[in-house]
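**Q**
Residue numbers (our numbering), protein chains in the order written: chain Z, 1 to 210; chain L, 1001 to 1116.
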């Protein structure tokens, strides 16, 4: 199976073909979603009607947020003092994009969004996500292990009723990081446990439990 | 797009601030800040519309931009140019490719009559 085949066209508005990919992390989460009722789920990434339909069909509610594309907006870069480089308005970004009006979530599906966020946002965004996840709540994240190759293109992920997710090229966000395992563990250190899943491609998966 | 046929039309040069209520179908292509209540009718938000309002309708079709919470006892239909920032509560939801939602989605097949 070609994971990143010709049908997976880059760019555009997200109309590319969907490519299936086995996801052990999603398989674990799927078992959880099917065994519980009325969970509150935060799905981070380009809007997927498939995800909305699937999650709501299981009786859960879903909250959509798109961190990576928002982070690329120039409004978050603030001019520095004379002679200093511009800096990132971290507090402003968090307030605008991770304000859930007091809601907390049982599950956060982060996909690979962290790899597309500017470095100053990584720790604050993860700290904010940790705040809004219920105790014992779960977070599924993907991390790229390489910064080069066709698989680094920005994708929208669609859920399925199987241990596969479907990937679809969506936009042209550049991959900004390829964190190593130690860096990922450091990023997730406030969670009570983490479980890593290795895959044949260059995506590592982590299910973290608060 | 022929969504305006048979509906009251608010054109793209119209700006409304306040409460908009009614009992007939409405095609809204202008700007509004406030609330829109059409509990027994269909609202169509056109591609030029900029809506900063909480919306309570029977059905809504969205081509434009909405910043506010949407409650529909019937269906919400997001076309590909739709951008919604706010919570959605509906009996049924249809989303075209490329439509964007930033907010909570909750579907209640029996009708969105429960408190959001």
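Glycine included, each C-beta is placed from N, C-alpha and C at the ideal position.
All figures in this text were calculated on a predicted structure; none of them were measured in a lab.
Residues of chain C with CB closer than 7 Å to the CB of residue 1100 (chain L), please, in chain order.
**A** The question asks about chain C, but that chain is absent: this structure's protein chains are Z and L.
**Q** Output yes or no for whether 7 Å exceeds the beta carbon distance between residue 1013 (chain L) and residue 1047 (chain L).
**A** No; because the gap between Cβ atoms is not below 7 Å, this pair is not in contact.
**Q** Taking only the alpha-carbon atoms, compute the straight-line gap between residue 81 (chain Z) and residue 87 (chain Z) and give it to the nearest angstrom.
**A** Taking the straight line from one Cα to the other gives about 10 Å.
**Q** Which one of Z:179, Z:203, Z:210 has the shortest CA to CA distance from residue 192 (chain Z)?
**A** Of the candidates Z:179, Z:203, Z:210, the one whose C-alpha sits nearest the C-alpha of residue 192 (chain Z) is Z:210.
**Q** Using a Cβ-Cβ cut-off of 7 Å, state whether residue 93 (chain Z) counts as contacting chain L.
**A** It does not; no Cβ of chain L falls within 7 Å.
**Q** Is residue 100 (chain Z) closer than 7 Å to residue 132 (chain Z) when the C-beta atoms are compared?
**A** Yes, the Cβ-Cβ distance between residue 132 (chain Z) and residue 100 (chain Z) is below 7 Å.
**Q** Could you compute how far the alpha carbon of residue 206 (chain Z) sits from the alpha carbon of residue 1008 (chain L)?
**A** Residue 206 (chain Z) and residue 1008 (chain L): Cα-Cα distance of roughly 52 Å.
**Q** Pull up the DSSP beta-bridge partners for residue 60 (chain Z), would you.
**A** For residue 60 (chain Z), which the question treats as bridged, DSSP gives no partner whatsoever.
**Q** What's the C-alpha gap between residue 1087 (chain L) and residue 1055 (chain L)?
**A** Approximately 10 Å, taken between the alpha carbons.
**Q** Reducing DSSP to helix, strand and coil, say where residue 1024 (chain L) ends up.
**A** Three-state DSSP puts residue 1024 (chain L) in coil, outside helix and strand.
**Q** When you compare only the Cα positions, how much space is there between residue 108 (chain Z) and residue 140 (chain Z)?
**A** So the alpha carbons of these two residues sit roughly 6 Å apart.
**Q** What's the C-alpha gap between residue 238 (chain Z) and residue 1038 (chain L)?
**A** Because chain Z spans 1 through 210 in this model, residue 238 (chain Z) falls outside it and cannot be assessed.
**Q** Would you mind working out which of Z:158, Z:197, Z:66 sits nearest residue 18 (chain Z), comparing C-alpha positions?
**A** Residue Z:158 is the option with its Cα nearest to residue 18 (chain Z).
**Q** Specify, as a first and last residue, the run of the alpha helix (DSSP H) that residue 124 (chain Z) falls within.
**A** Where residue 124 (chain Z) is concerned, the enclosing alpha helix (DSSP H) stretches over 119-132.
**Q** For the alpha helix (DSSP H) that contains residue 96 (chain Z), what are its first and last residues?
**A** Where residue 96 (chain Z) is concerned, the enclosing alpha helix (DSSP H) stretches over 90-97.
**Q** Between which two residues does the alpha helix (DSSP H) harbouring residue 158 (chain Z) extend?
**A** Taken as a continuous stretch (DSSP letters only), residue 158 (chain Z) belongs to no alpha helix (DSSP H), being part of the beta strand (DSSP E) at 155-158.
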